[in-house]
Amino acid sequence: MTAQPNANTFPFSLDRPASKQEADNFCSALSGTMEALLSVIEMETDLVRAGKLKEAGELQPDKARLIHEYTRGMMAAKEHAVALGNLSSAATQALRRQHSEFQPVLRINLAVLSTARDVANNLVSTVAKAAGAKNASAPTTYGRDGAAPSGPQSARGIAVNQAL
1 MTAQPNANTF PFSLDRPASK QEADNFCSAL SGTMEALLSV IEMETDLVRA
51 GKLKEAGELQ PDKARLIHEY TRGMMAAKEH AVALGNLSSA ATQALRRQHS
101 EFQPVLRINL AVLSTARDVA NNLVSTVAKA AGAKNASAPT TYGRDGAAPS
151 GPQSARGIAV NQAL
């Protein structure tokens with residue numbers, strides 16, 4: 001059983017808004033969460049493009065927290081869409097507009113992360129193939145003179161170009 005986060009940790013109330021002020025506060029807080037998440041995502045994208053993967057990885061805790069808040073906020077917004085629309089239609093429309101502008105930035109981030117992952121996988125695969133090719137030339141059966149193979153050979157090491 002996993003522990004559920006305390007509802008008080010969200011910057012907005014998950015309860016159905018009962019007044020215009022509550023609806024405005026919810027939309028404003030969710031908008032702030034989206035702006036903070038967008039900022040972290042843009043920083044991550046820039047860092048990955050620059051090859052600074054360690055620095056990009058350090059953004060993960062904040063990104064995970066903001067994604068959780070954003071997702072939970074959007075679920076609450078969908079759940080209370082009628083009340084939000086009736087109580088604060090302007091703030092609700094602004095939130096919808098911000099959400100639709102947010103989607104292309106997420107797609108770019110996902111594409112950059114996917115490319116970085118593919119490059120890393122390709123590098124590891126290439127190194128593994130090169131290391132395996134050196135050992136593949138060693139005989140694994142008896143030779144022409146009937147001598148047994150010399151046994152398994154240990155890895156001779158690999159070189160890593162850290163300038164990449």
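Residue numbers for the sequence shown follow this note's numbering, so the first one is 1 and each next one is one higher. We treat Cβ as the ideally placed atom computed from N, Cα and C, and that holds for glycine.
Simplified DSSP assignment, three categories, for residue i
i    : result
T2   : Low confidence applies to T2: its pLDDT is 41, below 50, so where it sits in the model is not reliable, and the reading given next is rough at best. The answer is coil: DSSP assigns T2 none of H, G, I, E or B.
K129 : helix
P171 : With the chain covering 1 to 164 only, the question about residue 171 has no answer from this structure.
R16  : coil
K52  : coil
S100 : helix
H68  : helix
Within 7 angstroms, strictly: CB atoms of residue i and residue j
i    : j    : result
F10  : E69  : yes
A116 : V40  : no
L66  : A111 : no
A18  : S88  : no
Backbone CA spacing between residue i and residue j [nearest angstrom]
i    : j    : result
N25  : A64  : 23 angstroms
G85  : T92  : 6 angstroms
L123 : L30  : 40 angstroms
S13  : L59  : 26 angstroms
G32  : V127 : 45 angstroms
L95  : I108 : 21 angstroms
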